[in-house]
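Below: one structure, written as structure tokens.
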Amino acid sequence: MNGQPKRTSPWVWVGAGCLGAVVLAVGALAAVGFFGYRKVKQMETELKDPQARTAKVQKILGTQHLPEGYHAVVGMSVPFVMDMAMLSDVEPDFRDGRQHGALGERGFIYVRTLSAGNDREQLRDYFEGRTDDADVLRRNNIRLDRTGEVLRRGVIDMTDGAKLMYMAQRGQLDMAASRAQGITTVMLLDCKGDTRQRFGIWFGPEPKAAGKPGAGKTAAAKPDLTGTPADEGAIREFMDHFRLCGS
């Protein structure tokens with residue numbers, strides 16, 4: 121009915137949730153209500169304008185062109201505190217002030233925040249496989265399925281000078297109000313001379329296992345991970361679209 125107030129898009133509250141966690145983390149409790157309300161309204165305005173939304177996401181990711189097949193979902197910044205950008209293979213629809221449709225099968229989330237002290241070393245230990253304690257991820261608002269199988273870990277030297285540590289896992293990921301099922305690769309980016317925390321999360325569907333010819337119905341080959349978020353070559357190619365150390 122025309123008399124009913126418009127509902128705020130759920131993607132606004134995804135960003136607002138990230139914002140709230142960061143604001144609390146830096147102790148800005150007195151400004152949460154006023155500042156948070158203003159940022160939510162600003163982001164809601166940007167969400168309704170496809171050009172403004174795309175420009176915001178591109179600025180945060182340090183690129184003029186998004187990867188083929190991906191669309192800007194949300195981008196937000198709090199100066200000197202945090203930046204967040206989200207991509208999806210489904211073009212968002214914000215008609216009547218609400219987002220229609222799901223996140224999609226493939227997506228990318230990037231978050232840059234202030235350094236979390238001792239978490240920095242613990243994150244390195246986790247990504248490099250010296251520990252399997254995922255509590256350090258949960259403290260950074262990233263929740264991985266404990267039962268998910270770790271497919272690969274590695275380190276990539278990126279062309280923009282970043283050192284990228286990654287961990288690819290099969291299972292479910294929850295971050296703020298978003299959820300992904302399939303293969304999720306969590307990345308920790310280390311930029312020279314910058315102590316801020318930079319996370320990248322790339323997710324996509326898991327390929328189906330192919331049966332071995334002539335081996336019968338019970339024998340199955342492992343899924344081919346080529347081109348998925350668990351493929352190191354694909355990770356490098358995808359992340360080369362961005363210049364995160366300079367953004």
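Offset between the sequence shown (1-based) and our numbering: plus 120.
Glycine included, each C-beta is placed from N, C-alpha and C at the ideal position.
Ile355 versus Pro349 - alpha carbon distance: Against the sequence shown, residue 355 aligns to sequence position 235. Against the sequence shown, residue 349 aligns to sequence position 229. Cα to Cα, the separation comes out at about 6 Å.
Closest residue to Glu211 among Pro199, Met287, Arg173 (Cα-Cα distance): Position 91 of the sequence shown, counting from 1, holds the residue named residue 211. For Glu211, the nearest C-alpha among the options comes from Arg173.
Alpha-carbon to alpha-carbon, Met204 and Ile229: The residue you call residue 229 lines up with position 109 of the sequence shown. The residue you call residue 204 lines up with position 84 of the sequence shown. Each residue's Cα considered, the two are about 7 Å apart.
Per-residue DSSP class, three states only, for Tyr286: As a working note, residue 286 is residue 166 in the sequence shown. Reduced to three states, the DSSP call for Tyr286 is strand.
Contact under 8 Å by Cβ, Leu167 with Val194: Start at 1 with the first residue of the sequence shown, and residue 167 comes out as number 47. Start at 1 with the first residue of the sequence shown, and residue 194 comes out as number 74. The answer is yes: Cβ separation under 8 Å.
Straight-line gap, Leu309 to Gln317 (C-alpha atoms, nearest Å): Taking the first residue of the sequence shown as position 1, residue 309 is located at position 189. Taking the first residue of the sequence shown as position 1, residue 317 is located at position 197. Their backbone Cα atoms lie some 8 Å apart in a straight line.
Identity of the residues DSSP links to Val194 by a beta bridge: Counting from one through the sequence shown, the residue named residue 194 turns up at place 74. Val194 pairs with Met206.
Rounded C-alpha distance that separates Gln301 from Phe200: Within the sequence shown, numbered from 1, the residue matching residue 301 stands at position 181. Within the sequence shown, numbered from 1, the residue matching residue 200 stands at position 80. In a straight line, the C-alpha of Gln301 is about 32 Å away from that of Phe200.
DSSP state of Leu243 mapped onto helix, strand, coil: Sequence index remark: in the sequence shown, residue 243 carries index 123 (1-based). Looking at Leu243 - three-state DSSP - the assignment turns out to be helix.
Close Cβ partners of Cys365 (< 6 Å) along its chain, the five nearest in sequence each way excluded: Looking up residue 365 in the sequence shown gives position 245. Excluding positions up to five away in sequence, the list reads Asp280, Gly281, Ala282, Cys311.
Under the three-state DSSP convention, the category Asp255 falls into: In the sequence shown, residue 255 corresponds to position 135, counting from 1. Here Asp255 sits in helix by DSSP.
Start-to-end residues for the alpha helix (DSSP H) that takes in Arg173: One-based indexing of the sequence shown puts residue 173 at position 53. Run containing Arg173: 170–181, per the alpha helix (DSSP H) assignment.
Counted within 10 angstroms of its Cβ, other Cβ atoms place Thr233 as buried (16 or more) or exposed: Within the sequence shown, the letter at position 113 stands for residue 233. Classification for Thr233: buried.
Beta-carbon proximity list for Trp322, same chain, < 6 Å, skipping 5 on both sides: Taking the sequence shown and counting its residues from 1, the one referred to as residue 322 is at position 202. If we look at Trp322 and ignore the five residues flanking it on each side, its Cβ neighbours are Phe228, Thr305, Pro349.
Buried/exposed call for Lys342, threshold 16 Cβ in 10 Å: Start at 1 with the first residue of the sequence shown, and residue 342 comes out as number 222. Answer is exposed; the Cβ neighbour count stays below 16.
Where Leu149 falls: helix, strand or coil (DSSP): On the sequence shown, position 29 is the one that residue 149 refers to. At Leu149, the pLDDT of 43 sits below 50, so the modelled position is not reliable; the number obtained from the coordinates is stated separately. Reduced to three states, the DSSP call for Leu149 is helix.
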